[in-house]
Amino acid sequence: MTDVTPLGRRLPRLPDGFAALGAVLIVAVVLAAVLAPWLAPYPPDEPRPLERLLPPSGAHWFGTDQVGRDVLTRILYGGRTSLLIAGAVLGVSAVAGVALGVVAGYAGGRVRDVIMRVTDVFLAFPALLLSLALAVVLQPGVNTVILAIAVTWWPWYARLAASVAASVATRPYVDAARCLGVPAPLIILRHVLPNSLTPVLVQLSLDVGGVILTSAALSYLGLGAQEPVAEWGLMVQQGQTLFSTNWWVVTFPGLAILVTAFAFNVLGEGLRNALDPRRAVR
Amino acid sequence: MTLLRAERVTLGYGGRPVVHDVSLGVTEGGVGLIGESGSGKTTLARAFLGLLTPMSGNIYYGDQTLKKANLRAFRRDVQPVFQAEALDPRMRVGRSIAEALPRAARARVGELLEQVGLDPALAARRPHELSGGQRQRVVIARALAVGPRLLILDEPTSALDVTVQARILDLLASLETERLLITHNLAVVERLCRTSHVLFAGRVVESGPTARLLANPAHPYTRALRDAVPKLGGAPPEARGRTEAVPAATGCPFRLRCPLAVAACEQAPAPRDLGGAGGTGGMEGRRVACHRAEDVLSA
Amino acid sequence: MIEVRDLKVRYGGRLVADVPELDVGAGECVAIVGESGSGKSTTLLTLLGLTPDAEISGHVRVCGVDVLTASPRALREIRGARAALVMQSPQAALSPATRLGVLMRRALRLHGRDGSEQAMARAVAEVLLDPEILRRYPHEISGGQAQRFAIALAVALGAEAILADEPTSALDVTVQAEVIGVLRRLRRERGLALLMVSHDLALVSTIADRVLVMKDGAVVESGPAATVLAEPAHPYTRELLEALP
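What follows is the structure in structure tokens.
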């Protein structure tokens, strides 16, 4: 029987080492961003017309850009912006989404219907399009990027939290608490919320890369961070015409995005496997 | 007067009834609800706990329907004991037990743990650090914390090893609360309940004093259940009728499985008292919903 | 059919099962009884080479094959066809999107057996299932039907032995009676060897010829079922018997 009936068919998984690699990379990226003022060899926003578009060398490891700023320095500072955006977007999305989601999931019935219809409205817009519209209406800048992406991001957390909370709400320990007369808000806070968080944590780490890429896309379209703020997407956008002649201006910020997104993704994947081996809750 | 009783209760989910027109009360000496999977016994338990509102009929708490009753008093009086998995996996068991206690009474946790035969030091553990039997004791301690008069026990021992099961049953038997026990295990009912009701497909098919009901069943389903239980050193358990036949939608729900079914069974049998009105000749308190009860009894 | 000598199974140096002797002949039924953590399931899985992470010593022969030294290919043939494993909830092991008939035909063809409709209908009829069940999906059948289907599959594959891990403990008693009835008949009519792991002493006493009682990895008592259960020699066996309600 064991030969014919797939005993728990498994999707291919990354080896555990990848998750550890992801974690190490994330620590490195975060440290680099935090310590940028001390690590960076040059000031981040001081144009030096005489040192424009120098190729990588001992003095400028990643070369310089079109106004003569050190690319490595810009990447270190850009990490602060990108991580700030990711942290703010996901923080807002997770708090708002999970709060609404667990209430919807626990309450069920009409409450759930109303909350879910609202999230559906937000989900009906393509994320990038809504962000674009918002970014056009509002003043472009880091705050706008955060707002624009968060508005399209939180409904996913609401949905995820609602479905997990709905299943947690049927557990016998929740029934037991109701029978003890514990009020609903306390049941949600004490039992439903803590037991619904694992998939949310996994989703958060999987999403960091996505937010950075989206914010990069907005910056790339000129709707995100504005000069002279250093931001990875903006750097790629401004350097794109130079790719054939001065490849380093585009390549290094592009790599920074890639490596960071990759690191958070494999960490998230590892977390998912570690915390939820049967993938039961999604 | 009984503390809790159902009157003509129909229960279901999403408009589809799974328990039909059930009336029964929790009387002294323990009441058993016997049924297999899909019989509706857990649904009935949820209604008794006020976790599910009946589609029709009423649950009475004293002389008030649950809707109108003082819910605080009801929650204090009626507590569930679910299976051992009914503990929040992230919460220290001491906190679980203390959840409904006023702050001043938190010190009673140790006392409650001792009452169910556990070391008070276990309060600091989380559920996964305890054995199945210990977890079940914690579940019982939590229920006892509010000083209930009635415990609704839903398969309280079925996930446990036999030796552990025996000790939990001893503990439950020693408690001074009334009890409504929901189980598929006839031996457990015999031990803890003076009166029993047998549920099949959401209907009470037979009721009566547990010992007599199991010694001399009047419903073919009760008999099939009893005969299917293996006895130490006895003959291999016997299957009567086809267990995979689904409950009939009209008439007697058991008729498609019943070895005694006749044409009359296409009419749903009304529950009736055995041995005439009031019951005589050892048939006191026995009720059955079967056209052929006399044939089952004399077989 | 099954022959075990001095089997010791360790995980990370810890002895989890120690079985000095266990034999199951054709048409015999032997039961391993114990509570959770007794090593009874580990023993059963080891006999089919299904404990890959364990350190194992001793001799295990199943259907004439030395399991502990057999090639993966030989092991597959044993597990797949000659000695079938029946689990507590077989539904989990049935691929959910495939009809039972398709599952069965694939299994039969894989082992070079007759996969025709008639052969399959005969196999399921032998466990008292309606051949109509072959057109259903795993989630459309009950636990008892799934268990009997698993047994039908084993029989159609030509199994000489069935190793069952708590085969009826997830089932209602009326359904359990039916599954046990099927197993008893197959034993009688086909000379099937049956090794069963169970926590239910009463059930075991009604069908097993011999019993091994395990506790904390060790066999504390073994012998003919009637003797062990009527005159238990070990205090633990007595405790188990007294715990019976």
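Chains as they are written, first to last, in the numbering used here: chain A, 1308 to 1589; chain B, 8 to 306; chain C, 4 to 248. We put the CB at the ideal spot given by N, CA and C, even for glycine.
| Check | Outcome |
| --- | --- |
| Span of the beta strand (DSSP E), counted from its first residue to its last, around S225 (chain C) | A221 to P227 |
| Segments of 3+ residues assigned as beta strand (DSSP E) that fall wholly inside the stretch 71-159 of chain B | 85-88 |
| Min CB distance I165 (chain C) to chain B below 8 Å | no |
| Ordered list of alpha helix (DSSP H) runs contained in the stretch 1417-1479 of chain A, each at least 4 residues | 1434-1444 and 1449-1475 |
| Any C-beta of chain C under 8 Å from that of S203 (chain B) | no |
| Span of the beta strand (DSSP E) around T17 (chain B) | L11 to Y20 |
| Selection from A:P1506, A:V1425, A:T1552 and A:V1566 that minimises the alpha carbon distance to S1389 (chain A) | A:V1566 |
| E245 (chain B) - DSSP class collapsed to helix/strand/coil | coil |
| CA-to-CA distance, G146 (chain C) to T1477 (chain A), given in whole angstroms | 23 Å |
| Whole-angstrom distance between G42 (chain B) and E213 (chain B), CA atom to CA atom | 11 Å |
| Contact with chain B by P1621 (chain A), beta-carbon distance below 8 Å | What is shown of chain A runs 1308 to 1589, which leaves residue 1621 (chain A) out entirely. |
| The stretch 116-133 of chain B / the stretch 84-101 of chain B touching (three or more Cβ pairs under 8 Å) | yes |
| Under the three-state DSSP convention, the category R1316 (chain A) falls into | Note that R1316 (chain A) scores 36 on pLDDT, short of 50, meaning its location in the model is unreliable and no value can be drawn from it. |
| Per-residue DSSP class, three states only, for N1580 (chain A) | helix |
| Chain B contacts made by the stretch 78-106 of chain C, where a contact means CB separation under 7 Å | none |
| Contact with chain A by F89 (chain B), beta-carbon distance below 8 Å | yes |
| Start-to-end residues for the alpha helix (DSSP H) that takes in P1506 (chain A) | L1500 to Y1527 |
| Contact the stretch 20-33 of chain B vs the stretch 50-65 of chain B: 3+ CB pairs below 8 Å | yes |
| DSSP beta-bridge partners of F207 (chain B) | B:R210 |
| Residues that N65 (chain B) bridges to, as DSSP identifies them | B:E14 |
| Under 8 Å from the C-beta of D1420 (chain A): neighbouring residues of chain B | Under the 8 Å cutoff, chain B gives no residues; its nearest Cβ is about 14 Å from D1420 (chain A). |
| Close-in-space but distant-in-sequence residues of the same chain around P1267 (chain A) (CB under 7 Å, 5 per side omitted) | Since the first residue shown for chain A is 1308 and the last is 1589, residue 1267 (chain A) is missing from the structure and cannot be characterised. |
| Contact check, A107 (chain B) vs L1487 (chain A), beta carbons under 8 Å | yes |
| L195 (chain C) (DSSP reduced to helix, strand or coil) | coil |
| Proximity below 8 Å, CB of H237 (chain C) to CB of V207 (chain C) | no |
| Any C-beta of chain A under 8 Å from that of L157 (chain B) | no |
| Given 8 Å, three or more beta-carbon pairs between the stretch 295-303 of chain B and the stretch 177-197 of chain C | no |
| Euclidean distance between Cα positions of L1391 (chain A) and A1483 (chain A) | 42 Å |
| Same chain only: Cβ atoms within 7 Å of H27 (chain B), ignoring 5 sequence neighbours per side | T17, G209 and R210 |
| Spatially closest choice to F81 (chain B) from B:P227, B:L10, B:A194 and B:P243, by CA coordinates | B:L10 |
| Residues near Y14 (chain C) by beta carbon distance below 6 Å, same chain, minus five either side | A57 |
| Proximity winner among A:S1551, A:A1330, A:P1354 and A:D1377, relative to P1348 (chain A) (alpha-carbon distances) | A:D1377 |
| Anticipated Cβ contact below 8 Å, A167 (chain C) with M123 (chain C), distance rounded | Actually they do not touch by this definition, with Cβ atoms about 22 Å apart. |
| Proximity test, Cβ basis, 8 Å: S39 (chain C) and chain B | yes |
| DSSP three-state assignment for G1489 (chain A), whether helix, strand or coil | Note that residue 1489 (chain A) is Val in the sequence shown here, rather than Gly. Coil at V1489 (chain A), not helix or strand. |
| Classification of W1555 (chain A) by the beta-carbon crowding that lies within 10 angstroms, buried from 16 upward | buried |
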